[in-house]
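Numbering (my numbering), first residue to last: 1 to 505. Using N, Cα and C, we set each Cβ at its ideal position, and we do this for glycine too. Report on the following structure.
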Amino acid sequence: MKNYSKAISLFEQALTLQEKLSPLNHHDLSNTYNIIGITYYNMKNYHNALSFYEKACTIREKYFSNEKSTLATIYNNIAVAYNAIDDHSNAISFYAKTVSIREKNPKEDESSLANIYKSMGLIYHSMQNYSKAIIYYQKAILIEEKILSSDDSSLETTYNNIAVASHCMEDKQNALIFHRKAFVIREKTPSPNDPAIASTCKNIASIYHSMKNYSEANIFYQKALAIQEKILSPNDSSLASTYINIASIHHSMKNYSDAVSFYHKALTILEQTDSPHNSSLGITYNNIAVASHCTEDKQNALIFYRKALVIQEKTLSPTDPEIASTCKSIASIYHSMKNYADTVAFYQKALTILEKTLSSNDATLGTTYNNIAVAYDCMDDKNNALLFYQKSLLIREKILTPHDLLSAPLYSSMASIYSSMNKKTDAVKFYEKSLEIQEASSSPNHSSLYVIHFNTARDYEDLGNYNAAIKHAERSLFHARSAFGSNDGKVQNFQNYIDILRKKL
Numbered sequence: 001m002k003n004y005s006k007a008i009s010l011f012e013q014a015l016t017l018q019e020k021l022s023p024l025n026h027h028d029l030s031n032t033y034n035i036i037g038i039t040y041y042n043m044k045n046y047h048n049a050l051s052f053y054e055k056a057c058t059i060r061e062k063y064f065s066n067e068k069s070t071l072a073t074i075y076n077n078i079a080v081a082y083n084a085i086d087d088h089s090n091a092i093s094f095y096a097k098t099v100s101i102r103e104k105n106p107k108e109d110e111s112s113l114a115n116i117y118k119s120m121g122l123i124y125h126s127m128q129n130y131s132k133a134i135i136y137y138q139k140a141i142l143i144e145e146k147i148l149s150s151d152d153s154s155l156e157t158t159y160n161n162i163a164v165a166s167h168c169m170e171d172k173q174n175a176l177i178f179h180r181k182a183f184v185i186r187e188k189t190p191s192p193n194d195p196a197i198a199s200t201c202k203n204i205a206s207i208y209h210s211m212k213n214y215s216e217a218n219i220f221y222q223k224a225l226a227i228q229e230k231i232l233s234p235n236d237s238s239l240a241s242t243y244i245n246i247a248s249i250h251h252s253m254k255n256y257s258d259a260v261s262f263y264h265k266a267l268t269i270l271e272q273t274d275s276p277h278n279s280s281l282g283i284t285y286n287n288i289a290v291a292s293h294c295t296e297d298k299q300n301a302l303i304f305y306r307k308a309l310v311i312q313e314k315t316l317s318p319t320d321p322e323i324a325s326t327c328k329s330i331a332s333i334y335h336s337m338k339n340y341a342d343t344v345a346f347y348q349k350a351l352t353i354l355e356k357t358l359s360s361n362d363a364t365l366g367t368t369y370n371n372i373a374v375a376y377d378c379m380d381d382k383n384n385a386l387l388f389y390q391k392s393l394l395i396r397e398k399i400l401t402p403h404d405l406l407s408a409p410l411y412s413s414m415a416s417i418y419s420s421m422n423k424k425t426d427a428v429k430f431y432e433k434s435l436e437i438q439e440a441s442s443s444p445n446h447s448s449l450y451v452i453h454f455n456t457a458r459d460y461e462d463l464g465n466y467n468a469a470i471k472h473a474e475r476s477l478f479h480a481r482s483a484f485g486s487n488d489g490k491v492q493n494f495q496n497y498i499d500i501l502r503k504k505l
């Protein structure tokens with residue numbers, strides 16, 4: 001059993017005698033200071049360790065500066081102690097002093113030099129200076145690849161460190177190269193179910209995922225999963241994380257049913273291990289909702305969006321954009337189910353947040369106003385529909401160019417409402433705005449334009465402006481021919497309508 005306190009007591013007794021009997025024996029004094037420093041370090045009393053290392057260092061630098069190897073060892077001890085107390089600047093400084101000596105005779109202790117390079121790399125890594133970290137990791141690799149066997153675990157660790165630092169710099173190709181080098185070594189481990197192998201597989205998968213190489217990402221996530229399912233308890237959070245990663249891959253590949261399956265596997269764990277209001281649980285509910293929505297499973301999408309919303313409203317600020325986003329998603333589903341009252345209710349909840357957090361001219365705000373207007377229109381609530389179309393229009397006219405195609409449907413919708421309210425003058429005004437934009441398009445939508453021209457013609461007819469009505473009826477006929485061909489029944493109907501209008505002149 002290591003009794004460091006007893007050792008310190010004995011060393012200090014010896015030191016007292018040395019200082020009295022042989023005060024000029026600097027060599028022995030230096031060694032004793034260094035040994036006491038090492039003992040304090042092993043006791044994790046790093047400040048005392050530093051105090052004695054520095055005493056040893058002062059003597060060595062003054063009287064034995066020619067004994068470079070011993071001086072390098074003391075510099076290294078000081079660096080390690082500074083590193084232990086997170087004094088990165090001093091740690092780097094003393095590692096650099098160590099290296100300046102060791103590099104003059106690198107073959108004396110190559111393994112030790114490699115370890116110092118790795119330590120310097122780790123410090124720079126912790127300081128988020130990843131480029132410097134990689135420089136020192138690479139210096140270590142040059143030595144380790146010469147002196148170690150190709151499957152040595154130290155080599156694997158350094159490869160992994162380079163990979164992680166490269167990933168932090170968004171150098172995905174380099175990260176992948178070194179993660180795979182580490183993986184080759186880890187696969188040779190006597191235990192095929194080593195958790196370190198699973199970790200490396202997940203790192204590789206994560207990079208492939210970020211590079212949108214989903215098939216390779218899935219292969220490595222599955223390798224990790226095969227190990228984790230053997231060595232972890234069924235409710236382990238790491239297992240849930242891997243299920244979510246695989247689900248995300250399937251989601252990205254539009255394999256929504258598989259995505260939902262893996263999200264549910266994760267959910268089984270999260271619902272048992274997380275608190276009911278944990279944010280990760282809310283995110284998983286939301287992911288299931290999105291994937292379900294993509295498969296047109298609206299009922300499940302609605303269930304899980306609402307579960308996610310319950311958590312968001314308890315864990316996020318009342319004006320958090322995520323709450324607004326979820327409310328809009330719920331509203332969208334209700335709209336597709338023709339439940340317009342709930343559609344409006346959830347768009348209004350989103351709007352309460354958006355109006356507080358976005359600028360008054362934000363496009364998202366304009367889109368939300370438009371969506372509320374459409375829902376009111378479907379409910380035949382023309383006044384509210386018009387009110388929100390006008391709000392949307394105010395924004396779009398400020399942020400879009402006068403002939404932006406996005407404005408055309410809005411003008412048409414407002415025109416239709418004015419027409420239904422028997423405000424024909426306003427109706428034709430907005431139909432004309434919509435048509436001006438659409439007719440100028442390089443690829444006009446004939447099937448849309450024939451309808452709008454026809455509606456415009458009918459409103460001009462009601463206003464008694466038969467010349468304008470005929471003009472639009474003829475344009476409607478042109479677009480009907482372009483959309484359906486000259487022999488379509490609609491074409492003949494429009495021709496008959498034009499004849500009727502001409503008789504009214």
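- Across the set Val310, His264, Ile333, Ala266, the C-alpha of Ile333 shows the shortest separation from the C-alpha of His293.
- Arg396 is classed as buried because its beta carbon has at least 16 other beta carbons within 10 Å across all chains shown.
- For Ser241, the enclosing alpha helix (DSSP H) begins and ends at 237–252.
- Contact annotation: Ala133 and Thr98 have beta-carbon atoms that are not nearer than 8 Å.
- The three-state reading of DSSP puts Gln128 in coil, since its state is none of H, G, I, E or B.
- Annotated three-state conformation of Gly485 is coil, per DSSP.
- With a contact defined as Cβ atoms closer than 8 Å, His479 and Tyr450 qualify at about 4 Å.
- Linking Gln128 to Asp404 through their CA atoms gives a straight-line distance of about 46 Å.
- The DSSP assignment places complete alpha helix (DSSP H) segments of no fewer than 4 residues inside the segment 168–248 at 172–186, 195–210, 214–231, in order along the chain.
- Linking Asn213 to Ala205 through their CA atoms gives a straight-line distance of about 9 Å.
- Assignment of Asn493 by DSSP, reduced to helix, strand and coil, places it in the helix class.
- One Cα belongs to Phe178, the other to Pro409, and the distance between them is close to 53 Å.
- Cβ atoms of Asn371 and Tyr389 stay farther apart than 8 Å, at about 11 Å.
- Per the C-alpha coordinates, the member of Tyr208, Tyr243, Lys202, Glu216 positioned closest to Ala224 is Lys202.
- For Ala56 and Ile101, the gap between their C-alpha atoms comes out near 17 Å.
- Beyond the five residues adjoining it in sequence on each side, Leu155 comes within less than 6 Å, by CB distance, of Glu144, Leu148 in the same chain, given in chain order.
- Per DSSP, Asp87 lies in no alpha helix (DSSP H) and is assigned neither H nor E.
- Within the segment 281–362, complete alpha helix (DSSP H) segments of at least 4 residues are found at 298–315, 321–336, 340–357, given in chain order.
- Counting along the chain, the unbroken alpha helix (DSSP H) around Asp258 starts and ends at 256–273.
- In this structure, Thr319 and Thr364 do not form a Cβ contact; the two beta carbons are roughly 14 Å apart against a cut-off of 8 Å.
- Around Gln438, the same chain offers Leu405, Ala408, Pro444, Asn445, Ser448, Leu449, Ile452 as residues with beta carbons nearer than 8 Å, after the five sequence neighbours per side are excluded.
- Rounded to whole angstroms, the separation of the alpha carbons of Lys230 and Thr39 is 42 Å.
- When only Cα atoms are considered, Pro106 and Tyr221 end up about 41 Å apart.
- Residue state for Ala415 is assigned as helix, using DSSP reduced to three classes.
- In chain order, Ile207, Ser210, Met211 place their CB closer than 7 Å to the CB of Lys172, counting only its own chain and leaving out the 5 sequence neighbours on each side.
- In terms of Cβ geometry, Phe454 and Ala468 do not form a close pair [threshold 8 Å].
- The criterion of a C-beta distance shorter than 8 Å is satisfied by Thr425 and Leu463.
- Here Lys504 is exposed, its C-beta having fewer than 16 other C-beta atoms within 10 Å.
- Going by DSSP, His27 is part of the alpha helix (DSSP H) stretching over 26–42.
- In the displayed model, His277 falls within coil according to three-state DSSP, outside both helix and strand.
- Comparing alpha-carbon positions, the option among Val344, Ser261, Lys254, Tyr82 lying closest to Tyr243 turns out to be Ser261.
- Cβ contact annotation for Ala259 (same chain, cutoff 7 Å, sequence separation greater than five): Ala247, His250, His251, Ala291, in chain order.
- A straight line joining the alpha-carbon of Ile470 with that of Lys423 spans about 20 Å.
- Taking the Cα of Ser119 as reference, the smallest distance to any Cα among His88, Ala240, Lys2, Ser420 is reached at His88.
- The shortest CA-to-CA distance from Thr273 to any of Met169, Pro234, Ile74 is the one to Pro234.
- Between the alpha carbons of Ala483 and Ser416 lies a gap of roughly 22 Å.
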